[in-house]
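In my numbering, the protein residues as written are 781 to 940.
Note that beta-carbon positions come from the ideal geometry of N, C-alpha and C, so glycine has one too.
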C-alpha cells in the first residue's frame, strides 16, 4: 500500500519532489526514510510550503531575483529558520521540473552516454538514494552553486 496524501509541506526530511503523471498522484516525495505520493504538483507543494513558513512563493522568488540577480531556475528559500532551500531542475512551471533539496545532496555524477540514452547524470543523496536526471552534471552543479549563493545571501548572519 502506498502513502497517498492530499497535501504535503516540505520539511527537513524532504529530499526531492519528483513530478508524476499518475492518475492518483502528481508528485513522488522522497524523504530520508520513506516515499510519499501526493496529489499536489511539485510546484503546488513548493508554493504551499513557502506559505506555511510565512511568505509566498512569489515573494521569496522575487527576493532571490532582487538580491542575487538570478532570473531563471531560481532557487527558493522555503524556510529560512530551518534552512530549507530547494532548487528546480527546469523552470518551476515546467511539467518535468524536479525540486532538489540542497541539504540532502551528496554528489552529482555523470552517466556515460553508452549506459543511458535519456539520462545524463545521477544525483546521489546523503542517505544513499540515487536519482537519475536528464540534466547534465554541469547544469545541476550550477544549480547547486546558485543555491549555495542564495543560502549565503539569506543567512541571518550575513551583513549587507
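For residue i, three-class secondary structure by DSSP
i: residue 863; result: coil
i: residue 891; result: coil
i: residue 850; result: coil
i: residue 934; result: helix
i: residue 828; result: helix
Nearest residue (CA-CA) to residue i, options the options
i: residue 879; options: 805, 889 and 827; result: 827
i: residue 787; options: 802, 809, 887 and 843; result: 809
i: residue 869; options: 843, 900, 894 and 845; result: 900
i: residue 814; options: 797, 804 and 820; result: 797
Residue i and residue j closer than 8 Å at C-beta
i: residue 891; j: residue 905; result: no
i: residue 855; j: residue 822; result: no
i: residue 923; j: residue 867; result: yes
i: residue 792; j: residue 864; result: yes
i: residue 817; j: residue 784; result: yes
i: residue 782; j: residue 881; result: no
So, do the segment 858-866 and the segment 899-911 have three or more beta carbon pairs nearer to each other than 8 Å? no
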